[in-house]
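S.K.: First residue of the sequence shown? That's 3 in my numbering, and the numbers climb one at a time after it. Note that beta-carbon positions come from the ideal geometry of N, C-alpha and C, so glycine has one too.
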Amino acid sequence: MKIMYLGFLAGFLTTISAFPQLARAIRTKSTKDLSLWFLIAILSGVGLWAIYGFAIWDVPVIIANCISFIPLSWTLYLKLKFDVFK
Numbered sequence: 003m004k005i006m007y008l009g010f011l012a013g014f015l016t017t018i019s020a021f022p023q024l025a026r027a028i029r030t031k032s033t034k035d036l037s038l039w040f041l042i043a044i045l046s047g048v049g050l051w052a053i054y055g056f057a058i059w060d061v062p063v064i065i066a067n068c069i070s071f072i073p074l075s076w077t078l079y080l081k082l083k084f085d086v087f088k
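Put into structure tokens, the structure is as follows:
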């Protein structure tokens, strides 16, 4: 059971790491320093981790990756809006 707390801590740190980049992209209206392929790869990985979490019913993995998916998706949307389809 205590190992689950480690999973929650890792998930929390990973999840909050996506928010500063999103905040900066919103504030500056620029994502030129972000790689499109990085965002696609990280979003795909987070999505697959969430699916994996559901498959093995690992709550920390499910929660962290489902929450991480939100700011990463929004950052990808801003990347497409500001740099790809401007």
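Return the Cβ separation of residue 10 and residue 73 in integer angstroms, given the expectation that the two are a contact with Cβ distance under 8 Å.
M.R.: The Cβ separation is near 18 Å, so there is no contact.
S.K.: Applying the 10 Å Cβ sphere with the 16-neighbour rule, what's the burial state of residue 48?
M.R.: By the 10 Å Cβ count, residue 48 comes out buried.
S.K.: Output needed for residue 71: all residues of its chain with C-beta closer than 8 Å, excluding positions within five of it in sequence on either side, in chain order.
M.R.: Around residue 71: 45, 48, 49, 52.
S.K.: Could you give the first and the last residue of the continuous alpha helix (DSSP H) run that contains residue 24?
M.R.: Note, residue 24: alpha helix (DSSP H), 20 to 30.
S.K.: So is residue 38 buried or exposed if we call it buried at 16+ other beta carbons inside 10 Å?
M.R.: Label assigned to residue 38: exposed.
S.K.: Quick one, which of 78, 66, 33 has its alpha-carbon nearest residue 6's?
M.R.: Closest by alpha carbon: 66.
S.K.: Quick check: the Cα distance between residue 18 and residue 88, rounded to an integer number of angstroms?
M.R.: Looking at the two C-alpha atoms, the distance is approximately 28 Å.
S.K.: Report the rounded CA-to-CA distance for residue 68 versus residue 12, giving the unit in angstroms.
M.R.: The alpha-carbon atoms of residue 68 and residue 12 are separated by roughly 14 Å.
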